[in-house]
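Worksheet: one structure, shown below.
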Amino acid sequence: MEFFIENMNSKMATTILGWKYEQPYDFYNNEQSDEAFEELMDGSYYAIADKNKEVIGFFCIGESAQVPRGNHFGVYKADLIDMGVGMHPNLVGKGNGFEFCTGIMKFIEEKYPSKSLRLTVAMFNQRAIHLYKKLGFVKEDEFSNDVTEFMTMVRI
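Quick note: the sequence shown uses full-length UniProt numbering, first residue 1, plus one each step.
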């Protein structure tokens with residue numbers, strides 16, 4: 001899987017907001033709202049494009065990768081780099097995740113060489129949790145909001 005990391009632009013953000021995942025992953029569907037668009041354009045998001053310049057994924061760094069409710073439980077107190085990832089619905093579950101996430105992690109680790117990575121994943125998403133464990137992440141904390149249970153994982 002060859003891909004390129006680019007700064008998010010308005011066309012890419014609009015494309016990503018239109019993605020629809022099947023159940024149970026529809027939890028990750030975005031709202032097509034001004035607020036969602038502005039978040040994708042806030043500078044913490046990057047687009048991932050294939051060799052044809054088609055958007056195949058995205059990732060974010062920092063607070064955008066955190067679930068706000070986690071702050072209530074103190075799960076984000078450690079000074080780590082939070083990352084969040086999203087892959088085009090047509091590419092998920094097809095063995096692309098390891099290479100996809102490895103490329104993202106390499107980019108982040110080059111940008112922040114002295115920081116460890118943390119991510120937050122919905123606990124029902126066993127497919128992602130399995131991938132993150134293969135990538136060297138270990139479970140750190142659990143918390144929930146009104147809808148879903150989450151786990152933070154850290155790669156040191």
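All residues carry an ideal CB built from backbone N, CA and C; glycine is no exception.
- Just so you know, the alpha carbons of Ala-128 and Pro-89 end up roughly 14 Å apart.
- Burial check for Gln-23: the Cβ neighbour count within 10 Å stays below 16, so the residue is exposed.
- Exclusion of the five residues before and after Gly-97 leaves Leu-131 as the residues of its chain whose Cβ lies within less than 6 Å of its Cβ.
- Of all alpha-carbon atoms in Ala-49, Phe-107 and Asn-71, the one lying nearest the alpha-carbon of Phe-150 is that of Asn-71.
- Tyr-45 sits close to Met-8, with the two beta carbons spaced by under 7 Å.
- Remark: C-beta atoms of Gly-62 and Asp-42 do not approach each other more closely than 7 Å.
- Per DSSP, reduced to three states, the secondary structure at Glu-2 is coil, with no helix or strand assignment.
- In this structure, the straight-line span from the alpha carbon of Ser-33 to that of Val-67 is close to 19 Å.
- Rounded to the nearest whole angstrom, the CA to CA distance from Leu-135 to Ser-10 is 31 Å.
- Put simply, the backbone Cα of Ala-122 is about 13 Å away from that of Asp-146.
- With respect to the 7 Å criterion, Phe-58 and Ala-49 are not classified as neighbours on the basis of their beta carbons.
- In summary, Phe-27 is exposed, with fewer than 16 beta-carbon neighbours lying within 10 Å of its beta-carbon over all protein chains present.
- With fewer than 16 other CB atoms across the displayed protein chains lying within 10 angstroms of its CB, Val-138 is exposed.
- In the structure shown, the three-state DSSP call for Asp-82 is strand.
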